[in-house]
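Those letters in the sequence shown? Residues 0 to 291, per numbering that gives the first Met the number 0, in order.
A virtual CB, placed ideally from N, CA and C, is assigned to each residue, including glycine.
Shown next, in structure tokens, is the structure this report addresses.
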Amino acid sequence: MKLPPLPTLRAFEAAARRESFLQAATELGMTATAVSQHVKALEDWLGLALFERRPRGVRLTADGRELGAACSEGLGHIARAAERLTGRKSLARASLACMPSVVTHWLGPRLPRFRAAHPDIQVSIVYPLGALTPDEAGADLLICHGTRPPGRAERILDAATRPTCAPSYLDRHGPITTPADLLKQDLLHDATEAAWQSWLAARGVGGSTPSGPLYADFNLLVSSVLSGLGIGLCPTALISDHLAAGTLSVLFDEAADEDKAYWLRSGTDLSEPAAVLRDLLLTEAASSASIA
Numbered sequence: 000m001k002l003p004p005l006p007t008l009r010a011f012e013a014a015a016r017r018e019s020f021l022q023a024a025t026e027l028g029m030t031a032t033a034v035s036q037h038v039k040a041l042e043d044w045l046g047l048a049l050f051e052r053r054p055r056g057v058r059l060t061a062d063g064r065e066l067g068a069a070c071s072e073g074l075g076h077i078a079r080a081a082e083r084l085t086g087r088k089s090l091a092r093a094s095l096a097c098m099p100s101v102v103t104h105w106l107g108p109r110l111p112r113f114r115a116a117h118p119d120i121q122v123s124i125v126y127p128l129g130a131l132t133p134d135e136a137g138a139d140l141l142i143c144h145g146t147r148p149p150g151r152a153e154r155i156l157d158a159a160t161r162p163t164c165a166p167s168y169l170d171r172h173g174p175i176t177t178p179a180d181l182l183k184q185d186l187l188h189d190a191t192e193a194a195w196q197s198w199l200a201a202r203g204v205g206g207s208t209p210s211g212p213l214y215a216d217f218n219l220l221v222s223s224v225l226s227g228l229g230i231g232l233c234p235t236a237l238i239s240d241h242l243a244a245g246t247l248s249v250l251f252d253e254a255a256d257e258d259k260a261y262w263l264r265s266g267t268d269l270s271e272p273a274a275v276l277r278d279l280l281l282t283e284a285a286s287s288a289s290i291a
């Protein structure tokens, strides 16, 4: 690719856009004489005149107008690309390791508020992959589930589970007024049947627990509950948006897993963007708790 000297193109583009050597000089921080010399060098390189020199200024020739438009378009593309790349490089980042179920049903609907308030912070969400600390997950922050973990951890959501179904299921199979009624229903199980067996036994309900589908992931289970396929033991705090919208209903207030919660853990040497994200999570959790 054979190009004219780039400094001459930059000077010519400014002069052509303003049709003035003096105004181009002011824009570029050089003298009008320097701009004129660059333009003359470009004309010599091309072998044609780009400006008509007049006593009271300069005027573009037809060739000058054609080249000026091409230079403005080309340099404009370069400037916009450089601006995008510079902005991408300077974008602040915060990373969170989190279970898909928490992201889908609780965090995801709240992230737009964070993005609106902090457009300069890019949030990266990764799988915990069994990590117990943010450092193990390679993230700034970690949300984990269970009893209180060792070390510093902030409780953000209750993890107590309650029998939950879609209104459409209750319309077809209700009324369900006592825990014993559940023995005649389609119970959906999260990984094992143990959770339902424990919940029913704590309510004094004996007998064989209905064997329904087993789901390896809570997202799969709750999608079936939402579809009206059966009743699941769901963490009430995690599905608060569905409960508020009326797409899910809790059948009994009695809960299982009351000793468990969702915990927020912070990594060492937390960056400022990560600290902002942590504060958002705590604020949103407090708001969810007050609504519940």
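Residues near residue i by beta carbon distance below 6 Å, same chain, minus five either side
i: I290; result: Residue placement at I290 is flagged as unreliable, the pLDDT there being 48, under the threshold of 50; the coordinate-derived value follows with that caveat. None.
i: D252; result: none
i: Y168; result: G227
i: F113; result: L279
i: P209; result: L186
i: L47; result: D62
i: A136; result: A96, P127, A130
i: R122; result: Per the sequence presented here, residue 122 reads as Val, with Arg not at that position. Closer than 6 Å at the Cβ level, and outside the excluded window around V122, lie A93.
Same chain, Cβ closer than 8 Å to residue i, five either side skipped, listed in chain order
i: R53; result: none
i: T235; result: D157, A159, T160, R161, T163, L242, V249, A254, A291
i: A275; result: Contrary to the premise, residue 275 reads as Val rather than Ala in this sequence. Excluding sequence neighbours, V275 sits near A93, H117, I120.
i: E26; result: A13, R17
i: D240; result: H104, W105, P108
i: A201; result: E253, A255
i: V204; result: P178, A179, L181, L182
i: S100; result: D216, F217, N218, V221, L237
i: H172; result: Q184, D185
i: L281; result: E153, I155, L263
i: A40; result: P4, T7
i: S197; result: A255
i: L225; result: A165, H241, T246, L247
In DSSP terms, what residue i is bridged to
i: R58; result: E51
i: P3; result: Answer is none; P3 lacks a bridge partner.
i: W262; result: C143, R154
i: A284; result: Paired residue(s): none; A284 is not in a bridge.
i: V122; result: A93
i: A40; result: In DSSP, A40 forms no bridge with anything.
i: A255; result: T160
Cβ-Cβ separation, residue j to residue i (assumed contact under 8 Å), whole Å
i: I230; j: D185; result: 7 Å
i: V221; j: H104; result: 7 Å
i: P3; j: L45; result: 7 Å
i: A96; j: P127; result: 4 Å
i: R109; j: W262; result: Their Cβ separation, rounded to whole angstroms, is 17 Å, which puts R109 and W262 out of contact at 8 Å.
i: S19; j: G56; result: 6 Å
i: T30; j: A23; result: Rounded, the Cβ-Cβ distance is 10 Å, inconsistent with contact.
i: R58; j: E51; result: 5 Å
i: H37; j: T60; result: Not a contact, Cβ separation roughly 17 Å.
i: A10; j: V34; result: 5 Å
Beta-carbon proximity list for residue i, same chain, < 7 Å, skipping 5 on both sides
i: E12; result: G67, C70, S71, L74
i: A260; result: R154, L156, D157, A158
i: G28; result: none
i: P272; result: A91, R92, A93, I120
i: E257; result: A159
i: E82; result: none
i: T32; result: none
i: E283; result: R109
Within the chosen definition, does the stretch 173 to 193 reach the stretch 265 to 284 through at least 3 CB pairs nearer than 8 Å?
no
Every unbroken beta strand (DSSP E) inside the stretch 124 to 182 [3 residues or more]
140 to 145, 153 to 157, 160 to 164
Counting Cβ pairs closer than 8 Å, one from the stretch 164 to 173 and one from the stretch 242 to 259, do we hit at least three?
yes
Taking contact to mean at least 3 C-beta pairs separated by less than 8 Å, is the stretch 132 to 144 in contact with the stretch 213 to 232?
no
Fully enclosed by the stretch 174 to 249, which alpha helix (DSSP H) runs are 4 residues long or longer?
193 to 201, 217 to 225, 239 to 244
I'd like the ranges of any beta strand (DSSP E) spanning at least 3 consecutive residues and lying wholly in the stretch 65 to 113.
91 to 96
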